[in-house]
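In the UniProt record's numbering, the protein residues as written are 1 to 85.
See below for the structure under consideration.
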């Protein structure tokens with residue numbers, strides 16, 4: 001039904017939507033508590049405004065691990081459904 005390129009593009013867009021919705025629902029305060037960001041930045045790994053808003057870092061609390069698992073599950077379900085199609 002869909003070409004492989006279209007499926008990859010849909011998964012990529014879905015992942016961005018999941019990250020955006022999760023970031024908006026959690027808020028920056030809880031995101032800072034639940035996730036640890038990189039402390040050293042250089043010229044090569046700096047982020048812009050959009051990518052800084054979507055960047056979570058790595059989980060450091062139980063809530064962070066649960067949020068990460070939920071985001072991974074949501075993206076995985078759509079990827080699996082697209083794989084079946």
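Every residue gets a Cβ at the ideal spot worked out from N, C-alpha and C, and that includes glycine.
Treat the numbers as computed from the prediction; the structure is a model and nothing was measured.
Given a cut-off of 8 Å on the beta-carbon distance, is the pair residue i and residue j in contact?
| i | j | result |
| --- | --- | --- |
| residue 13 | residue 71 | no |
| residue 34 | residue 63 | yes |
| residue 82 | residue 21 | no |
| residue 57 | residue 38 | yes |
| residue 111 | residue 7 | Nothing about residue 111 can be reported from this structure: the residues present for the chain run from 1 to 85 only. |
Roughly how far, in whole angstroms, is the beta-carbon of residue i from the beta-carbon of residue j, given that I think they are within contact range, below 8 Å?
| i | j | result |
| --- | --- | --- |
| residue 54 | residue 32 | At roughly 14 Å, the Cβ-Cβ gap does not stay under 8 Å, so residue 54 and residue 32 are not in contact. |
| residue 77 | residue 26 | Rounded, the Cβ-Cβ distance is 20 Å, inconsistent with contact. |
| residue 84 | residue 15 | Incorrect: roughly 18 Å between the Cβ atoms, too far for contact. |
Looking at the structure shown, is residue i part of a helix, part of a strand, or coil, going by DSSP?
| i | result |
| --- | --- |
| residue 2 | coil |
| residue 82 | helix |
Ordered list of alpha helix (DSSP H) runs contained in the stretch 13 to 70, each at least 4 residues: Within the stretch 13 to 70, complete alpha helix (DSSP H) segments of at least 4 residues are found at 49 to 54, given in chain order.
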